[in-house]
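> Residue numbers (my numbering): 49 to 186.
Positions of the beta carbon are idealized from the N, C-alpha and C atoms, including for glycine.
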Amino acid sequence: MSARTKARKLALDILFAAELREERPTDVLGARGRPNQDELAEYGHAVRLIEGVQEHRERIDELLSTYATGWTLDRMPAVDRNILRMGAFELLWVDDVPDGVAVSEAVALATELSTEESPRFVNGLLSRLQRLKPSLAL
Numbered sequence: 049m050s051a052r053t054k055a056r057k058l059a060l061d062i063l064f065a066a067e068l069r070e071e072r073p074t075d076v077l078g079a080r081g082r083p084n085q086d087e088l089a090e091y092g093h094a095v096r097l098i099e100g101v102q103e104h105r106e107r108i109d110e111l112l113s114t115y116a117t118g119w120t121l122d123r124m125p126a127v128d129r130n131i132l133r134m135g136a137f138e139l140l141w142v143d144d145v146p147d148g149v150a151v152s153e154a155v156a157l158a159t160e161l162s163t164e165e166s167p168r169f170v171n172g173l174l175s176r177l178q179r180l181k182p183s184l185a186l
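(1) Considering only C-alpha positions, which residue in the set L58, T120, E70 and G81 is nearest to M134?
(2) Mapping DSSP to helix, strand and coil, what is R72?
(3) Using only the alpha-carbon positions, how far apart do A51 and R107 sit?
(4) One question on the structure: do A66 and Y91 come within less than 9 Å of each other, judged by their Cβ atoms?
(5) Which whole-angstrom value describes the C-beta separation of V151 and L139, a residue pair presumed to lie in contact below a C-beta threshold of 8 Å?
(6) Using the Cα positions of A116 and I62, report the straight-line distance between them to the nearest angstrom.
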């Protein structure tokens, strides 16, 4: 597993925990303490994802709500919602991650951690954002 893949899993853990606790993701990350030796390589990208999702969450949620046909954010499983937030952030604000990688990594997380239908849903919604990316006001 690559360092960035591990970073995404770590970031998802923090984002998911923050939502459940109704806390800011950076506060949950801070309470976790310093990264252990195994987490050190991926820690920087995880922090970037956590801070980016927190900073852009209002716009990300607006986009997800707008383009998730037939689904509201509240109706989505919490893990899917946070995978989508992270994937949308990478897709729309992280220039050094190719769009296809952002989408496929989000789908891989959904495959591993969510429901049977989730990978297709995550892929469809993020692919739609990818197609619309040039016309979206960020």
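Let me spell this out:
(1) What you label residue 134 is simply residue 86 of the sequence shown in a count that begins at 1. Considering only alpha carbons, the answer is L58.
(2) Taking the first residue of the sequence shown as 1, we reach residue 72 at position 24. Coil at R72, not helix or strand.
(3) Locating residue 51 in the sequence shown gives position 3, counting from the first residue. Locating residue 107 in the sequence shown gives position 59, counting from the first residue. Rounded to whole angstroms, A51 to R107 spans 27 Å at the Cα level.
(4) For the purposes of this step, residue 66 is identified with residue 18 of the sequence shown, where counting begins at 1. For the purposes of this step, residue 91 is identified with residue 43 of the sequence shown, where counting begins at 1. Cβ distance not < 9 Å, so A66 and Y91 don't count as in contact.
(5) Along the sequence shown, read from residue 1 onward, the residue named residue 151 stands at position 103. Along the sequence shown, read from residue 1 onward, the residue named residue 139 stands at position 91. With 8 Å as the limit, V151 and L139 qualify as a contact, their Cβ atoms being about 7 Å apart.
(6) On the sequence shown, position 68 is the one that residue 116 refers to. On the sequence shown, position 14 is the one that residue 62 refers to. The alpha-carbon atoms of A116 and I62 are separated by roughly 24 Å.
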